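First up is the structure itself, then whatever we jot down about it.
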Amino acid sequence: MIRFIKASQRLSCRILSKESLNTVHYATLEVLEKTGVIVESDKALKILEETGCTVNYRKRLVLIPSYLVKEALMKKPKNVTLYARNPKNDVRLDGRHSFLCTDGSGMYTIDPKTGERRASTKEDLSISAKIADYLDVIGVYWPMITSQDVPAHVRVLHDLEASLANTEKHVMFETTTTPDEARFQIEMAALVAGGKEELKRRPVVSSCHCTIAPLKHAKGPTEAAIEFAKAGVPISLLPMPQAGATSPITLAGSMVVSNAELLSGLVIVQMMAPGAPMLYTSEASNFDMKTLRWCGGSPECGLLTAVSNELAEYYEMPSASAGFSTDAKMPGAQACYEKAVTGAIPVFVGYDIVGGLGLLDACTVFTPEQIIIDAEIGRMLYRLAQGIEVNDETLALDLIHKIGPGGNYLAEKHTLKHLEKEHYLPEISDRRSYETWKKAGSKTVVEVAREKAKEILEKHQPTPLEKDIQKEIGQILKRAEKELAKSP
Amino acid sequence: MSENILKRLREAVVNYDIELAVELSKEVIATGFDPLKAIEQGLGEGLRVIGDKFEAGEIFLPMLMMAAQAMKESLAILEPALAKGTSRKALGRVVIGTVEGDIHDIGKSIVAAMLTANGFEVYDLGCDTPTSKFVDKAKEVKSDIIGMSALLTTTMTKMAEVINALKKAGLRGKVKVIVGGAPVSVAWAEKIGADAYAEDAIASVDVAKKLLGK
Chain Y
-1 MIRFIKASQR LSCRILSKES LNTVHYATLE VLEKTGVIVE SDKALKILEE
49 TGCTVNYRKR LVLIPSYLVK EALMKKPKNV TLYARNPKND VRLDGRHSFL
99 CTDGSGMYTI DPKTGERRAS TKEDLSISAK IADYLDVIGV YWPMITSQDV
149 PAHVRVLHDL EASLANTEKH VMFETTTTPD EARFQIEMAA LVAGGKEELK
199 RRPVVSSCHC TIAPLKHAKG PTEAAIEFAK AGVPISLLPM PQAGATSPIT
249 LAGSMVVSNA ELLSGLVIVQ MMAPGAPMLY TSEASNFDMK TLRWCGGSPE
299 CGLLTAVSNE LAEYYEMPSA SAGFSTDAKM PGAQACYEKA VTGAIPVFVG
349 YDIVGGLGLL DACTVFTPEQ IIIDAEIGRM LYRLAQGIEV NDETLALDLI
399 HKIGPGGNYL AEKHTLKHLE KEHYLPEISD RRSYETWKKA GSKTVVEVAR
449 EKAKEILEKH QPTPLEKDIQ KEIGQILKRA EKELAKSP
Chain S
7 MSENILKRLR EAVVNYDIEL AVELSKEVIA TGFDPLKAIE QGLGEGLRVI
57 GDKFEAGEIF LPMLMMAAQA MKESLAILEP ALAKGTSRKA LGRVVIGTVE
107 GDIHDIGKSI VAAMLTANGF EVYDLGCDTP TSKFVDKAKE VKSDIIGMSA
157 LLTTTMTKMA EVINALKKAG LRGKVKVIVG GAPVSVAWAE KIGADAYAED
207 AIASVDVAKK LLGK
């Protein structure tokens, strides 16, 4: 698994000055104190009132004083490790390294056999996990699609089962919407981690919960987040305001709404589970006023993504981003240029986790070849972000002298030693001559990626879960199928 | 012992370890082991493995070049020790160079390394090679093939000059001519009466083999 080194100071870009970040921060505090947020969980409302918030139970409106935000920020840890069922895949978010993560929670698959778009299945999900497990550029696996061929009330559990069974990497999921689902998921994760205490020590999963723009925390996801936080599972809250529709059209105003949702969520979680590991995430973007859709590949999305990382650094929290998003419906030119642009931002601003690899059409459609293409784009971007290292070894003056004018550097140890670090070595991009390319079948990169995905699936088999763990997970699924059917 | 040294020679080349290959070649001489066997079944075998690996895209060019260099430096030690009248078996002998007036060296050097790796005996004349030098060397080593490279439209005409000189020297019937380089094409090869055009270093091996019926 590749730990990418973050972009050097000179290469990394900054959108907001320290002053502007302060302004956004204090503006957010003002919103939390004066406008407040709606919290639909009675359980959370009670705790928030006890800790000093002003609660209007009829409206479920909570006004949060600034000192509580400060307190919550003090309680959360700075560095977080996302553990994996195979410890060699542990992802340590130390602020200096960056990891790529798959995109997740899509609904469709472009069927590799027919080329048609259809509802995604548990088998598709297993396939996506296997490919992600194989690709060393992927640090974290987010279940890429949902299993729509299983009963809806246990879907998230099937998604988790297929993920844990088919990748040895950390699994970060997003779709849990009730505390009951969370409890079953915690049971499953604990089995894989080796018990509830082990899960607290080495959480092999993490959970992401959407807030509802503007300024709302829904009951189910909030209570689920609290369950996870108490079990030691890292949490991220994911605001997704759409500038112009669910937040002001101005990007600064959208940032404040997103940040207010995030910080109020932080207060809820830290007051109920002090010290719970949390990530800072936001998928704020703009709302397209012609097509009425959230934009995943727009420049505004890029700017808001960049600023979200600056806020994460401001609050000393690990950051996770979207990125590599596209509105294209099929793999090809639009997907590639939008993904290169929207991927460049999170890589260059220095996110701890850069997500979004592998899905199309505003994060909804999975196709095996796209993740292979995105992995290539990702590696290229990180190579750019590394810049040029200048020291005695890289200047190689002794070697230049040894070879002298007219020689060549091909048979030199120095060449071999630095080849893979200095030069980006393409996996699928074609650099052959026209004739050779033509002779080899004139394949487009999409075809090459498709073949590579097929090859990976034929060859790669992640270590399966132990037999008795598989069995116990099966029993949990059966139990959940009955019990969750009863809940409202 | 004998199998062991052959295996070690093979591995030294496969691991593109120049120092080790040289050291082992000295050991061959010191212990009185058959140098021809060391070349053919040791070094040569290793070089074929590395050539195949490169073609399969498993290794990078510097590894191939280092392996070829290991072969070259070992031959310098082993060849003088060969019994008079014996010579190593090769797929064929190739004299190669960049034509006169052209100082582009690298492509031709890679072709030389590829041919060496695939079992040819290669004499690299370097770049800016006078026409007479091609002819003299071909005569001297009884070469089967002459490979010429040109990277400039202004120097590629020298290729025709070499072919004419070969004819005059009465060698044209014995020596096949392969041409290559950025401005060179199949059409150009036909126009000047060369036997073949090789598009790149990898293609050159097949082209050379085909010309010699191997």
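These protein sequences, in sequence, are chains Y and S.
Quick note on this note's numbering: the first sequence kicks off at -1 and runs consecutively.
Quick note on this note's numbering: the second sequence kicks off at 7 and runs consecutively.
The beta carbon of each residue, even a glycine, is placed where N, CA and C say it ideally should be.
From a predicted model like this one, the values you see are computed outputs, not experimental measurements.
- Task: Work out the CA separation of Y:E121 and S:A156 for me, nearest whole Å.
- Result: Counting from one through the second sequence, the residue named residue 156 of chain S turns up at place 150. Counting from one through the first sequence, the residue named residue 121 of chain Y turns up at place 123. About 56 Å.
- the segment 412 to 429 of chain Y: positions lying closer than 7 Å to chain S by Cβ: T413, L414 and L417
- Does the segment 92 to 111 of chain S touch the segment 43 to 56 of chain S, meaning 3 or more C-beta pairs lie closer than 8 Å? Cβ pair count under 8 Å is three or more, so yes.
- Message: Does S:K182 come out as helix, strand or coil in the three-state DSSP assignment?
- Response: What you label residue 182 of chain S is simply residue 176 of the second sequence in a count that begins at 1. Three-state DSSP puts S:K182 in a strand.
- Message: Which residue wins for smallest C-alpha separation from Y:Q332, given the options Y:S296, Y:L261, Y:E47 and Y:Y312?
- Response: Here residue 332 of chain Y is taken as the residue at index 334 of the first sequence, counted from 1. Ranking Y:S296, Y:L261, Y:E47 and Y:Y312 by Cα distance to Y:Q332 puts Y:S296 first.
- Item | is_contact[S:S115, chain Y] using C-beta, thresh 8 Å | In the second sequence, counting from the first residue as 1, residue 115 of chain S sits at position 109. Yes - at least one Cβ of chain Y is within 8 Å of the one on S:S115.
- If we cut at 8 Å on Cβ distances, does S:E9 have a partner in chain Y? Within the second sequence, the letter at position 3 stands for residue 9 of chain S. So no, S:E9 is outside the interface.
- Query: Should Y:L19 and Y:L309 be called a contact, given that it needs their Cβ atoms to be closer than 8 Å?
  - Reply: For the purposes of this step, residue 19 of chain Y is taken as residue 21 along the first sequence, with counting starting at 1. For the purposes of this step, residue 309 of chain Y is taken as residue 311 along the first sequence, with counting starting at 1. The answer is yes: Cβ separation under 8 Å.
- Message: With distance defined between alpha-carbon atoms, name the residue in Y:C206, Y:K217, Y:R199 and Y:K41 nearest to Y:G353.
- Response: As a first step, residue 353 of chain Y is located in the first sequence; it is residue number 355 there, counting from the start. Comparing Cα positions, the closest option is Y:C206.
- Message: As a quick exercise: from S:K78, S:A166 and S:T161, pick the residue whose alpha carbon is nearest that of S:Y129.
- Response: In the second sequence, counting from the first residue as 1, residue 129 of chain S sits at position 123. Selected option, being the one with the closest Cα: S:K78.
- Per DSSP, what kind of secondary structure is Y:H421 in: helix, strand or coil? What you label residue 421 of chain Y is simply residue 423 of the first sequence in a count that begins at 1. Y:H421: coil per DSSP, three-state reduction.
- Message: List, in chain order, every chain Y residue whose beta-carbon is nearer than 8 Å to that of S:Q75.
- Response: Translated into positions along the second sequence, residue 75 of chain S becomes position 69. Ordered by position in chain Y, the residues that pass the 8 Å Cβ test against S:Q75 are A409.
- Task: Would you mind telling me which residues of chain Y sit closer than 9 Å to S:I112, beta carbon to beta carbon, in chain order?
- Result: Residue 112 of chain S sits at position 106 when you count from the first residue of the second sequence. Per Cβ cutoff of 9 Å: N406 and L408.
- Whole-angstrom distance between Y:A130 and Y:R165, CA atom to CA atom: Working through the first sequence from its first residue, we reach residue 165 of chain Y at position 167. Working through the first sequence from its first residue, we reach residue 130 of chain Y at position 132. It should be noted that the sequence gives Thr, not Arg, for residue 165 of chain Y. If you draw a straight line from the Cα of Y:T165 to the Cα of Y:A130, it comes to about 7 Å.
- Query: With respect to the beta strand (DSSP E) encompassing S:G153, which residues constitute its N-terminal and C-terminal limits?
  - Reply: Working through the second sequence from its first residue, we reach residue 153 of chain S at position 147. Start and end: I151 to S155.
- Task: Name, please, each residue of chain Y whose Cβ falls closer than 8 Å to the Cβ of S:E205.
- Result: In the second sequence, residue 205 of chain S corresponds to position 199, counting from 1. Correct list: S431, E433 and T434.
- Can you tell me whether DSSP reads S:V105 as helix, strand or coil? For this step, residue 105 of chain S is matched to residue 99 along the second sequence. Here S:V105 sits in strand by DSSP.
- With burial defined as no fewer than 16 other Cβ atoms inside 10 Å of the residue's Cβ, what is the status of Y:V89: buried or exposed? Translated into the one-based positions of the first sequence, residue 89 of chain Y becomes position 91. Answer is buried; the Cβ neighbour count reaches 16.
- Query: For the segment 158 to 166 of chain S against the segment 113 to 124 of chain S, are there 3 or more C-beta pairs whose distance is under 8 Å?
  - Reply: By the Cβ criterion, the segment 158 to 166 of chain S is not in contact with the segment 113 to 124 of chain S, since fewer than three pairs of Cβ atoms, one from each stretch, lie closer than 8 Å.
- Item | Length of the line joining the Cα atoms of S:V19 and S:V117 | Indexing the second sequence from 1 puts residue 19 of chain S at position 13. Indexing the second sequence from 1 puts residue 117 of chain S at position 111. Using only the alpha carbons, I get a separation of about 18 Å.
- Task: Specify, as a first and last residue, the run of the beta strand (DSSP E) that Y:R510 falls within.
- Result: Examination of residue 510 of chain Y is not possible in this model, given that chain Y is present from -1 through 486 alone.
- Can you tell me whether DSSP reads Y:S145 as helix, strand or coil? Here the question's residue 145 of chain Y lines up with position 147 in the first sequence. In this structure, Y:S145 counts as coil in the three-state DSSP scheme.
- Leaving aside the five residues before and after Y:E159 along the sequence, list all residues of the same chain whose C-beta is less than 8 Å from its C-beta, in chain order. For this step, residue 159 of chain Y is matched to residue 161 along the first sequence. Within the same chain, Y:E159 has close Cβ partners M186, I471 and L475.
- Item | Secondary structure of Y:W140, DSSP reduced to three states | As a working note, residue 140 of chain Y is residue 142 in the first sequence. Y:W140: coil per DSSP, three-state reduction.
- Alpha-carbon to alpha-carbon, Y:E196 and Y:A188: Locating residue 188 of chain Y in the first sequence gives position 190, where the first residue counts as 1. Locating residue 196 of chain Y in the first sequence gives position 198, where the first residue counts as 1. Cα to Cα, the separation comes out at about 7 Å.
- Task: Can you grab the Cα-Cα spacing for the pair Y:V254 / Y:T303, in whole Å?
- Result: Position 256 of the first sequence, counted from the first residue, corresponds to residue 254 of chain Y. Position 305 of the first sequence, counted from the first residue, corresponds to residue 303 of chain Y. Distance between the alpha carbons of Y:V254 and Y:T303 is about 13 Å.
- Through-space distance from S:P68 to Y:K214, alpha-carbon basis: Residue mapping note: residue 214 of chain Y aligns to position 216 of the first sequence, counting from 1. Residue mapping note: residue 68 of chain S aligns to position 62 of the second sequence, counting from 1. About 59 Å.
- Any C-beta of chain Y under 8 Å from that of S:M69: Taking the second sequence and counting its residues from 1, one reaches residue 69 of chain S at position 63. Chain Y, which has a Cβ nearer than 8 Å to the Cβ of S:M69, makes this yes.
- By DSSP, does Y:A562 sit in helix, in strand, or in coil? The first residue shown for chain Y is -1 and the last is 486, placing residue 562 of chain Y beyond what the model contains.
- Message: Any beta carbon of chain Y sitting closer than 8 Å to that of S:F66?
- Response: Looking up residue 66 of chain S in the second sequence gives position 60. By this cut-off, S:F66 is an interface position.
- What residues in its chain sit with their C-beta under 6 Å from that of S:R16, if we drop five residues either side in the sequence? The residue given as residue 16 of chain S occupies position 10 in the second sequence. The residues are G48, E51 and G52.
- Provide the residue(s) that pair with Y:C206 in DSSP beta bridges, ordered along the chain. Here residue 206 of chain Y corresponds to residue number 208 of the first sequence, with the count starting at 1. Partner(s): Y:S234.
- Y:R199 versus Y:Y312 - alpha carbon distance: Residue numbering aside, residue 199 of chain Y sits at position 201 when the first sequence is read from its first letter. Residue numbering aside, residue 312 of chain Y sits at position 314 when the first sequence is read from its first letter. Whole-angstrom Cα-Cα distance: 27 Å.
- Outcome for S:E6 when other beta-carbon atoms lying within 10 angstroms are tallied against a minimum of 16: Any question about residue 6 of chain S goes unanswered here, given that chain S covers just 7 to 220.
- Message: If I measure Cβ to Cβ from Y:R381 and keep anything under 6 Å in the same chain, skipping five residues before and after, which residues do I get?
- Response: If you number the first sequence from 1, residue 381 of chain Y lands on position 383. So the list reads Y422, once near-sequence residues are dropped.
- Message: Please classify S:S31 as buried or exposed, where buried requires at least 16 other C-beta atoms within 10 Å of its C-beta.
- Response: Looking up residue 31 of chain S in the second sequence gives position 25. Its Cβ being crowded by 16 or more others within 10 Å, S:S31 is buried.
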